[in-house]
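The opening position of the sequence shown corresponds to residue 3 in this note's numbering, with each subsequent residue numbered one higher.
Ideal placement from N, C-alpha and C gives every residue a C-beta, glycine not left out.
Data first, discussion second: the structure below is written as structure tokens.
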Amino acid sequence: MTRAAENLFISQSNLSQFLKNTENRLGEKLFVRKNKKYIPTKIGMLYIEYAMKVTDLTRSLNEQVSQLSAPLNISIGSASSIDKKVLCAVLSRFEKNYPSTVFSVIDCDNIDFIKYSLDHNTLNAACTTIPSLNFFERPHMCLAEEELLLAVPSSICNAKKLSDQIRETNTMTIHDVVDTFGSSPFIFQHHGSCIRYIIDDFFNKGNFEPTMVSHVSGADTLRDMVEKDMGLGFIPALNAIGEEQIVYFHLSPALTRYHAFVVNRELESNYI
């Protein structure tokens, strides 16, 4: 009894009184004294078993309260193609779910890198564009969808003979693109980008390998290069301006990229 009181940093009398009060409340003896030692009875062993469970639950509760009260550091990958208003809306929703949150927004235009980082928990979430809704094998939210157009320099387009149907609808199939512009130079986005995934799949379905003259990152840079007659390229509809120097064609079936928000395994049960 003396040693137990010392371990608990209380007096022996207080511990003896607590034990006596507990036995009186239960109406059962918890310990019997034998050879100057306290031996637990069957009721005492049951009491000890449940006391240990309560202790473990209390420790677990304290740990979780500590984690929730501490600032949560969340790293979010953000593609440059994502509208900043959309990103701000996502962060606002995060703040509601996680009141004490420190955000680290990381510029990431390579969706292969984003996918790897989410799988290995080096990114907690990402606001990015994807080539299809099943690109990520995990729950995600589709924020918007956006059509891709084929941008052709006016000089190249005027030099080609377009069918009446193409001129009327301003729409081309993969076979129309290959037949009409197959010998023309193309400007591609970098490997690992969302649009590159889409146009690679587009040309693979047509069993055609276009001539590539340059790699670019941003849609505005690509549009500037098309305006300067440097080649053809695929560009999001919202970036399709400069109609005097560029002719824009819809594709059939339509080429679409999706703006999406995705989280890693650690957050998906609480967020998606």
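Extent of the continuous alpha helix (DSSP H) to which residue i belongs
i, result
"residue 167", "166-171"
"residue 224", "221-229"
"residue 211", "No alpha helix (DSSP H) contains residue 211, which DSSP labels as neither H nor E."
Secondary structure of residue i, DSSP reduced to three states
i, result
"residue 97", "helix"
"residue 1", "Because the chain spans 3 through 274 in this model, residue 1 falls outside it and cannot be assessed."
"residue 31", "coil"
"residue 85", "coil"
"residue 247", "coil"
"residue 176", "helix"
"residue 274", "Only weak support exists for where residue 274 lies, its pLDDT of 47 falling under 50; the coordinates are left without a value."
"residue 129", "strand"
"residue 39", "strand"
"residue 20", "helix"
"residue 153", "strand"
"residue 2", "Lying before the first or after the last residue shown, residue 2 is absent from the chain, which here runs from 3 to 274."
"residue 79", "strand"
"residue 91", "helix"
"residue 139", "coil"
"residue 254", "coil"
"residue 62", "helix"
"residue 216", "strand"
Pick from the options that is closest to residue i, judged by C-alpha positions
i, options, result
"residue 203", "257, 263 and 147", "257"
"residue 149", "232, 161, 118 and 134", "134"
"residue 132", "212, 117 and 235", "117"
"residue 128", "32, 188, 237 and 88", "88"
"residue 76", "198, 92 and 64", "92"
"residue 254", "192, 185 and 178", "178"
"residue 90", "238, 145 and 39", "145"
"residue 201", "238, 167 and 226", "238"
"residue 115", "86, 98 and 78", "78"
"residue 209", "217, 194, 85 and 184", "184"
"residue 152", "229, 194 and 7", "229"
"residue 137", "259, 5, 7 and 8", "259"
Endpoints, beta strand (DSSP E) assigned at residue i
i, result
"residue 158", "It is not in any beta strand (DSSP E) - residue 158 instead sits in the alpha helix (DSSP H) that spans 156-161."
"residue 236", "235-238"
"residue 4", "It is not in any beta strand (DSSP E) - residue 4 instead sits in the alpha helix (DSSP H) that spans 4-10."
"residue 262", "257-265"
"residue 187", "187-191"
"residue 105", "103-109"
Proximal residues to residue i (C-beta, below 7 Å), its chain only, five neighbours per side dropped
i, result
"residue 249", "154, 156 and 159"
"residue 241", "221, 222 and 225"
Own chain, CB closer than 8 Å to residue i, minus 5 neighbours either side, in chain order
i, result
"residue 10", "17"
"residue 123", "266, 267 and 268"
"residue 218", "189, 190, 191, 192, 224, 227 and 235"
Closer than 8 Å to chain C by CB, residue i
i, result
"residue 130", "The chain labelled as chain C is not found in the depicted structure, where only one protein chain is given."
Sequence-distant residues of the same chain with beta carbon closer than 6 Å to residue i, five excluded per side
i, result
"residue 187", "213, 215 and 233"
"residue 247", "156 and 229"
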